[in-house]
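K.L.:
Just so we're aligned, residue 3 is where the sequence shown starts under this note's numbering, counting upward by one.
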Amino acid sequence: MENLAAYGIRKQGPDRGLLRIRVTGYEYTVVQILVYPPHAEKGISESFRQAGSRYKGREMVETAMRAAFAHQVPFYCAEVQRKGKDIYLTDITKAEEVELNRASSGEQGSVTFGADAEYMLKNMRTGRLKALPVNSGEAENEADGALIRHGYAFSKPVFELHPDPAKSGEELYQNLIMKKKKLMHAARKSGAQVTSGANPHGRFMLGGHFHFGNKAPSFNKTAELDAYLAIPYCLIEQRNDAVRRMAGQGFLGNVRVNCFGGFEYRTLSSWVERLDEAEPLFCYLDWLIRKESLVHPPLEPGVLKAYYHDDKKELYLYSERLYSRLTAGLNSEKEKEIISRFFDWIEHFYSK
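Structure, rendered in C-alpha cells:
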C-alpha cells in the first residue's frame with residue numbers, strides 16, 4: 003500500500019453507486035474514456051475534454067494514468083471511481099498493444115520552459131493572511147483557485163509567480179528572478195511577508211510546478227524526474243509539511259498533459275523562498291529534460307516507503323547513489339558540473 007501511496011494512489015473495491023471512469027491508453031495518450039454514471043451498466047464514451055468538465059473528472063483520468071505509471075503498465079485499461087472529493091483506483095489491467103493507436107509525440111521545435119510557483123502573503127504586523135476577493139478582475143490572474151470563506155464572501159489566499167516562457171532553464175530562472183523582485187517590492191510596500199514551502203499555513207499546500215512545451219510526456223521521463231529530481235529535492239522540505247502535502251499533491255509521478263505539446267511536472271513543493279539561490283536547480287532541470295537515454299533506477303519499495311514517510315536518512319543515502327550513478331558514465335565535464343552544482347545545492351540546505 004505504501005508503494006502506491008507514494009504515487010497518491012488509493013485502492014477500493016468497485017461501487018456501482020459511484021461515478022466511475024474507465025481509461026484505456028498508452029502512457030499519457032488516451033485512446034478511450036468510458037464514463038459510468040452511478041448505477042449505470044453501460045459506459046458513455048467521452049472525450050478527454052468532456053470527461054474533464056465533470057467534477058474531479060480531469061483528476062480521475064490523471065489518476066488512471068498515474069496508476070498505470072506506478073504499476074509500470076504502459077498499455078493499460080484502468081478504472082477509477084469518485085466518492086465525494088476522493089478518487090480511488092478499482093482496477094487496472096494490461097491492454098493488448100494491437101488495440102491501441104500509438105500517437106506520435108507531436109514534438110515540434112525546441113523544448114520550452116515555464117513554471118508556476120505558489121506563495122502566500124502574510125501581514126507582517128498581525129500575521130494574518132492577505133487574500134484577494136473573488137471577482138477582482140485581472141488581479142485574479144495571479145491567484146490560484148484555492149478559496150477561503152468569510153460569511154458569504156470568498157477570497158483567494160494563494161498566489162502564483164508566472165514567468166514568461168523561456169528557451170532554457172537558465173532563462174526561466176532569470177525570468178522568475180525578475181518576477182520575484184517585483185513581488186518583494188510590492189509586498190514590502192503593503193507591509194506583507196512572502197511565504198512558501200510545502201504547507202506554510204493551515205490546509206493550503208503549495209507547489210512549484212514546471213512546464214515543458216514541445217516535449218511529449220512519457221513514463222520514462224516521469225520516472226527520471228521522480229528519481230533524479232523529486233527524491234533529492236524532498237531532502238530540503240520541512241518534514242511534517244512535506245508529508246501533509248504528499249497526501250493531496252506532492253506525490254510522485256504527478257504529471258499533467260498541457261496544450262503546448264508537452265506536460266507539467268507537479269510533484270515539487272513551492273521553491274519561491276529559495277529562488278534567489280536556486281540557479282543550480284534550473285540548470286539541472288534543463289539538463290535532465292533534454293538528456294536522452296538516461297538509465298533511471300526503479301524506485302524500490304524501500305525508497306517508496308522512505309518517500310511516503312519522509313525518511314530523510316534513507317532518502318539521503320539513496321540520493322548519494324543517484325549522484326554516483328549520474329556522473330559515473332559521463333565524459334562531459336560541463337554535464338558533471340551541472341549535476342554537482344545541483345547536488346551541492348541540495349546538500350547546502352539539507353545540512354542547515
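Backbone N, C-alpha and C fix where the C-beta goes; we use that ideal spot for every residue, glycine too.
Beta-carbon within less than 8 Å of S106's beta-carbon, same chain only, minus the 5 sequence neighbours each way: which residues are those?
P.N.:
Here residue 106 is taken as the residue at index 104 of the sequence shown, counted from 1. Residue placement at S106 is poorly supported in this model, since its pLDDT is 48, which falls under 50; the coordinates are not used for a value here.
K.L.:
Quick one: is S295 buried, meaning 16 or more other Cβ sit within 10 Å of its Cβ, or exposed?
P.N.:
Counting from 1 along the sequence shown, the entry for residue 295 is found at position 293. So S295 counts as exposed.
K.L.:
Ignoring anything shorter than 3 residues or poking outside the region 186 to 211, list the beta strand (DSSP E) runs there in chain order.
P.N.:
Fully enclosed beta strand (DSSP E) runs of 3 or longer: 194 to 197.
K.L.:
Does DSSP put N125 in a helix, a strand or coil?
P.N.:
Indexing the sequence shown from 1 puts residue 125 at position 123. Strand, per DSSP.
K.L.:
To the nearest angstrom, report how far apart V297 and C79 are at their CA atoms.
P.N.:
Here residue 297 corresponds to residue number 295 of the sequence shown, with the count starting at 1. Here residue 79 corresponds to residue number 77 of the sequence shown, with the count starting at 1. Rounded to whole angstroms, V297 to C79 spans 27 Å at the Cα level.
K.L.:
Looking at C-alpha atoms only, which residue of E266, S271 and E61 is the closest neighbour of I291?
P.N.:
Within the sequence shown, residue 291 is the residue found at index 289, counting from 1. Ranking E266, S271 and E61 by Cα distance to I291 puts E266 first.
K.L.:
Leaving out the 5 sequence neighbours to the left and right, which residues in its chain are closer than 8 Å to A280 when beta-carbon positions are compared?
P.N.:
Within the sequence shown, numbered from 1, the residue matching residue 280 stands at position 278. So the list reads Y175, W273 and W347, once near-sequence residues are dropped.
K.L.:
According to the neighbour-count rule (16 or more other Cβ atoms, all chains shown, within 10 Å of its Cβ), is V25 buried or exposed?
P.N.:
Sequence index remark: in the sequence shown, residue 25 carries index 23 (1-based). When all chains shown are included, V25 counts as buried.
K.L.:
Which one of N222, D228, G215 and S271 has the shortest CA to CA distance from F206?
P.N.:
Taking the first residue of the sequence shown as position 1, residue 206 is located at position 204. Nearest of N222, D228, G215 and S271 to F206, Cα basis: S271.
K.L.:
Would T329 be called buried (16 or more neighbouring beta carbons within 10 Å of its own) or exposed?
P.N.:
Your numbering for residue 329 matches position 327 in the sequence shown. It is exposed - the Cβ of T329 has fewer than 16 other Cβ atoms within 10 Å.
K.L.:
Kindly identify the DSSP beta-bridge partner or partners of H213.
P.N.:
Residue numbering aside, residue 213 sits at position 211 when the sequence shown is read from its first letter. H213 is bridged to G116 and E266.
K.L.:
Taking one C-beta from the region 223 to 231 and one from the region 36 to 51 each time, how about it: are there three or more such pairs within less than 8 Å?
P.N.:
Taking 8 Å as the limit for Cβ pairs, the verdict is that the region 36 to 51 does not touch the region 223 to 231.
K.L.:
Starting from the Cα of Q83, find the closest Cα among A70, P76, E61 and A97 and give me that residue.
P.N.:
As a working mapping, residue 83 is identified with position 81 in the sequence shown. Nearest of A70, P76, E61 and A97 to Q83, Cα basis: E61.
K.L.:
Quick one: grab the DSSP three-state call for C79.
P.N.:
As a position in the sequence shown, residue 79 is number 77, starting the count at 1. Looking at C79 - three-state DSSP - the assignment turns out to be strand.
K.L.:
Can you tell me where the alpha helix (DSSP H) holding D93 begins and where it ends?
P.N.:
What you label residue 93 is simply residue 91 of the sequence shown in a count that begins at 1. That residue, D93, is in no alpha helix (DSSP H); its beta strand (DSSP E) goes D88 to K96.
K.L.:
Alpha carbon to alpha carbon, what distance is there between P167 and D118?
P.N.:
The count along the sequence shown starts at 1 and reaches residue 118 at position 116. The count along the sequence shown starts at 1 and reaches residue 167 at position 165. Computed Cα separation, rounded: 11 Å.
K.L.:
Where does C261 land, buried or exposed, given buried means 16+ other C-beta within 10 angstroms?
P.N.:
The count along the sequence shown starts at 1 and reaches residue 261 at position 259. When all chains shown are included, C261 counts as exposed.
K.L.:
For R104, does the count of other Cβ atoms within 10 angstroms reach 16, so buried, or fall short, so exposed?
P.N.:
Along the sequence shown, read from residue 1 onward, the residue named residue 104 stands at position 102. Only weak support is given to the placement of R104: the predicted model assigns it a pLDDT of 49, under 50, and the question is left unresolved by the model.
K.L.:
Just the Cα atoms here: how many angstroms apart are A218 and K85?
P.N.:
Within the sequence shown, numbered from 1, the residue matching residue 218 stands at position 216. Within the sequence shown, numbered from 1, the residue matching residue 85 stands at position 83. Rounded to whole angstroms, A218 to K85 spans 32 Å at the Cα level.
K.L.:
If you count every other CB in all the chains shown that lies within 10 Å of the CB of G108, and 16 or more means buried, which is it?
P.N.:
Numbered from 1 along the sequence shown, position 106 holds the residue referred to as residue 108. Any reading at G108 must be qualified, since the residue scores a pLDDT of 49, below 50, and its modelled position is unreliable; no value is offered.
K.L.:
Which class does Y230 belong to by DSSP, given the choice of helix, strand or coil?
P.N.:
Within the sequence shown, the letter at position 228 stands for residue 230. Y230 falls in the helix class under three-state DSSP.
K.L.:
Where do the ends of the beta strand (DSSP E) carrying F161 lie?
P.N.:
To locate residue 161, count along the sequence shown from 1; it is residue 159. V160 to L163 is the span of the beta strand (DSSP E), which, as asked, contains F161.
K.L.:
Over the uninterrupted beta strand (DSSP E) stretch that includes R276, give me the two end residues.
P.N.:
In the sequence shown, the residue the question calls residue 276 occupies position 274. Careful: R276 lies outside any beta strand (DSSP E) and carries neither H nor E.
K.L.:
Cα separation between L319 and R327?
P.N.:
Indexing the sequence shown from 1 puts residue 319 at position 317. Indexing the sequence shown from 1 puts residue 327 at position 325. Near 13 Å, if we compare the C-alpha coordinates of R327 and L319.
K.L.:
Terminal residues of the continuous beta strand (DSSP E) containing L328?
P.N.:
For the purposes of this step, residue 328 is taken as residue 326 along the sequence shown, with counting starting at 1. Element bounds for L328: not the beta strand (DSSP E) but the alpha helix (DSSP H), K314 to A330.
K.L.:
Measuring only the C-alpha atoms, how far is A70 from K13?
P.N.:
By one-based count along the sequence shown, residue 70 stands at place 68. By one-based count along the sequence shown, residue 13 stands at place 11. Spanning the two alpha carbons is a distance of roughly 13 Å.
K.L.:
By how many angstroms is the C-alpha of A97 removed from the C-alpha of Q52?
P.N.:
As a position in the sequence shown, residue 52 is number 50, starting the count at 1. As a position in the sequence shown, residue 97 is number 95, starting the count at 1. Q52 and A97: Cα-Cα distance of roughly 23 Å.
K.L.:
In the DSSP assignment, find the beta strand (DSSP E) that holds R292 and state where it starts and stops.
P.N.:
Taking the first residue of the sequence shown as 1, we reach residue 292 at position 290. Element bounds for R292: not the beta strand (DSSP E) but the alpha helix (DSSP H), E281 to R292.
K.L.:
Would you kindly work out how many angstroms separate the C-alpha atoms of L123 and K293, rounded to a whole number?
P.N.:
In the sequence shown, residue 123 corresponds to position 121, counting from 1. In the sequence shown, residue 293 corresponds to position 291, counting from 1. For L123 and K293, the distance between alpha carbons rounds to 37 Å.
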